[in-house]
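Peer 1: I'd like to ask some things about the structure below.
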Amino acid sequence: MKIGKLLEKAKTEHSLSKDDIIELLNSDGILLCKAADEVREKYKGNNVHLRGLIEFSNICGRSCYYCGLRSENKKVERYRLSDEEIFLSAQNAVNAGYKTLVLQSGEDSYYTVDRLCRIIENLRKNDVVITLSIGERTFEEYKILKEAGVERYLLRIETTDRNLYGALHPKMSIDNRFECLYNLKKLGYETGTGVLVGLPNQTISSLAEDILFFKELNADMVGIGPLIPHPETPLKDASKDNFDMALKVMAVTRLVLPDINIPATTAMETIRKNGRIIALNSGANVVMPNMTIGKYRKYYEIYPDKICINDSPLKCIDCIKLKIETAGRKVSQTKGYRNDIN
Ligand code: 5AD
Ligand code: FES
Numbered sequence: 500m501k502i503g504k505l506l507e508k509a510k511t512e513h514s515l516s517k518d519d520i521i522e523l524l525n526s527d528g529i530l531l532c533k534a535a536d537e538v539r540e541k542y543k544g545n546n547v548h549l550r551g552l553i554e555f556s557n558i559c560g561r562s563c564y565y566c567g568l569r570s571e572n573k574k575v576e577r578y579r580l581s582d583e584e585i586f587l588s589a590q591n592a593v594n595a596g597y598k599t600l601v602l603q604s605g606e607d608s609y610y611t612v613d614r615l616c617r618i619i620e621n622l623r624k625n626d627v628v629i630t631l632s633i634g635e636r637t638f639e640e641y642k643i644l645k646e647a648g649v650e651r652y653l654l655r656i657e658t659t660d661r662n663l664y665g666a667l668h669p670k671m672s673i674d675n676r677f678e679c680l681y682n683l684k685k686l687g688y689e690t691g692t693g694v695l696v697g698l699p700n701q702t703i704s705s706l707a708e709d710i711l712f713f714k715e716l717n718a719d720m721v722g723i724g725p726l727i728p729h730p731e732t733p734l735k736d737a738s739k740d741n742f743d744m745a746l747k748v749m750a751v752t753r754l755v756l757p758d759i760n761i762p763a764t765t766a767m768e769t770i771r772k773n774g775r776i777i778a779l780n781s782g783a784n785v786v787m788p789n790m791t792i793g794k795y796r797k798y799y800e801i802y803p804d805k806i807c808i809n810d811s812p813l814k815c816i817d818c819i820k821l822k823i824e825t826a827g828r829k830v831s832q833t834k835g836y837r838n839d840i841n
């Protein structure tokens with residue numbers, strides 16, 4: 500089918516076959532991104548949701564081949580924020596008007612559910628939505644955290660390609676990861692997932708399968724990140740040129756899941772000047788500025804040259820607000836649930 504016709508179909512039906520998706524991913528992306536922008540405007544309006552990201556521990560027991568926080572990387576200084584520092588980071592974000600906080604860490608077993616519940620209880624004294632992003636846990640643990648008031652959870656599947664997943668995630672199981680995601684959905688979390696784009700041996704066909712998986716899971720949020728090779732990881736020599744394909748994967752995701760929340764990821768801004776604005780004009784409607792206070796920001800080095808590591812949280816807020824408004828969009832005042840139109 501001609502690209503224009505395919506996009507017309509996608510804009511009304513929001514369903515695409517694997518072959519359709521492959522065709523769109525093989526296109527130059529210009530019409531695709533425009534269609535995704537239109538769908539975003541129709542279903543999500545012009546507001547951009549800011550989610551305050553608090554990276555509270557960079558300690559990780561896993562060894563994902565691409566990640567700078569993998570346990571084998573001895574060159575990164577490891578930290579955990581104290582409860583007080585987490586609270587202060589949150590307070591800053593709330594005072595600046597944030598309605599959602601995202602607490603993210605490596606897979607750090609120090610954080611038992613009890614510890615996490617104490618932290619969450621403290622943060623919930625504010626009127627904010629809490630999102631967790633701390634990796635794989637059991638159904639029971641997810642259940643307790645949900646009951647403690649966590650409403651959203653982010654867990655990227657990273658890739659749905661079994662062979663690729665196996666090659667990049669030692670001692671991990673893709674089936675367990677799928678199960679975690681279905682457990683989160685079952686428990687009523689707004690569930691976020693996503694993939695990396697640009698992994699060695701990743702094919703267009705496998706990216707198309709990734710998008711079909713987002714649809715099958717009925718993900719509430721999808722974050723797509725271009726791989727940025729980290730020098731202290733086995734993928735240090737992988738391709739760096741992953742922005743355009745990541746953008747296209749994101750745009751197709753918007754077409755098939757028109758009402759979900761899609762972030763313009765920090766990784767996109769890191770490898771392309773104005774990458775987040777380009778993403779916001781290609782289907783995205785969320786930005787997640789880093790609200791971690793103090794000296795730790797630079798140690799959360801998932802990938803190299805991450806933006807804003809030497810800036811203060813308040814500078815980041817002003818900077819991103821200005822960019823959003825310059826792009827003709829508005830900062831949302833709502834909590835930004837999937838069902839919120841604005
Ligand atoms: N480049 C880009 N993104 C990465 N992530 C991990 N390592 C890298 C990298 N080198 C992403 C993973 C993870 C998220 C927190 O960061 O997708 O889920
Ligand atoms: Fe930390 Fe993959 S390296 S979860």
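Note that the working numbering gives residue 833 to position 334 of the sequence shown, counting from 1, and the numbers run on in steps of one. The C-beta atom is built at its ideal place from N, Cα and C for all residues, glycine as well. The model shown is predicted, which means the values in this text are computed figures rather than measured ones.
As a quick exercise: from S526, K714, D804 and R661, pick the residue whose alpha carbon is nearest that of R676.
Peer 2: Position 177 of the sequence shown, counted from the start, is the residue given in the question as residue 676. The candidate whose alpha carbon is nearest that of R676 is R661.
Peer 1: Determine whether the beta carbon atoms of Y542 and N557 lie at a separation below 8 Å.
Peer 2: Residue 542 sits at position 43 when you count from the first residue of the sequence shown. Residue 557 sits at position 58 when you count from the first residue of the sequence shown. Cβ atoms of Y542 and N557: not closer than 8 Å.
Peer 1: Figure out for me which residue from N838, L756 and K834 has the closest Cα to the Cα of T599.
Peer 2: Reading the sequence shown from its first residue, position 100 is the one you call residue 599. Here the closest residue by C-alpha is K834.
Peer 1: Taking 6 Å as the limit, name every residue whose beta carbon sits nearer than that to some heavy atom of ligand 1, in sequence order.
Peer 2: Residues flagged by the Cβ proximity filter: Y565, C566, R655, E657, L695, G724, L726, I727, H729, A766, I801 and Y802.
Peer 1: Does DSSP classify S705 as helix, strand or coil?
Peer 2: Here the question's residue 705 lines up with position 206 in the sequence shown. Three-state result, S705: helix.
Peer 1: Report the residue from C532, K508, D519 and A509 whose alpha carbon sits nearest the alpha carbon of K747.
Peer 2: For the purposes of this step, residue 747 is identified with residue 248 of the sequence shown, where counting begins at 1. Ranking the options by Cα distance to K747, first place goes to C532.
Peer 1: From which residue to which residue does the beta strand (DSSP E) around Q603 run?
Peer 2: The sequence position of residue 603 within the sequence shown is 104, counting from 1. T599 to S604 is the extent of the beta strand (DSSP E) around Q603.
Peer 1: When DSSP builds the beta bridges, which residues end up paired with T791?
Peer 2: What you label residue 791 is simply residue 292 of the sequence shown in a count that begins at 1. BP columns for T791 are empty, so no partner.
Peer 1: Which residues does DSSP list as the beta-bridge partners of Y652?
Peer 2: In the sequence shown, counting from the first residue as 1, residue 652 sits at position 153. Bridge partners of Y652: L631 and T690.
Peer 1: On a CA-only basis, which of A647, M720 and I819 is nearest T752? Give me that one, please.
Peer 2: What you label residue 752 is simply residue 253 of the sequence shown in a count that begins at 1. The residue with the shortest Cα to Cα distance from T752 is M720.
Peer 1: Quick one, which of V547, S738 and Y610 has its alpha-carbon nearest R837's?
Peer 2: As a position in the sequence shown, residue 837 is number 338, starting the count at 1. Answer by Cα proximity: V547.
Peer 1: Write down every uninterrupted run of the beta strand (DSSP E) in the segment 522-593 whose length is 3 residues or greater and which is fully enclosed by it, in chain order.
Peer 2: Runs found: 546-549 and 551-556.
Peer 1: Determine, using beta carbons only, whether I472 and E606 come nearer to each other than 8 Å.
Peer 2: This structure cannot speak to residue 472, because the chain is shown only from 500 to 841.
Peer 1: For D817, does the count of other Cβ atoms within 10 angstroms reach 16, so buried, or fall short, so exposed?
Peer 2: In the sequence shown, the residue the question calls residue 817 occupies position 318. That one is exposed.
Peer 1: Can you find the residues in the same chain that come closer than 7 Å, C-beta to C-beta, to V649, ignoring five residues on each side of it along the sequence?
Peer 2: The count along the sequence shown starts at 1 and reaches residue 649 at position 150. Excluding positions up to five away in sequence, the list reads I619, I629 and L631.
Peer 1: What's the C-alpha gap between D758 and L680?
Peer 2: By one-based count along the sequence shown, residue 758 stands at place 259. By one-based count along the sequence shown, residue 680 stands at place 181. Cα to Cα, D758 sits roughly 19 Å from L680.
Peer 1: Quick one: Cα of K814 to Cα of K517, how far?
Peer 2: The sequence position of residue 814 within the sequence shown is 315, counting from 1. The sequence position of residue 517 within the sequence shown is 18, counting from 1. Their backbone Cα atoms lie some 43 Å apart in a straight line.
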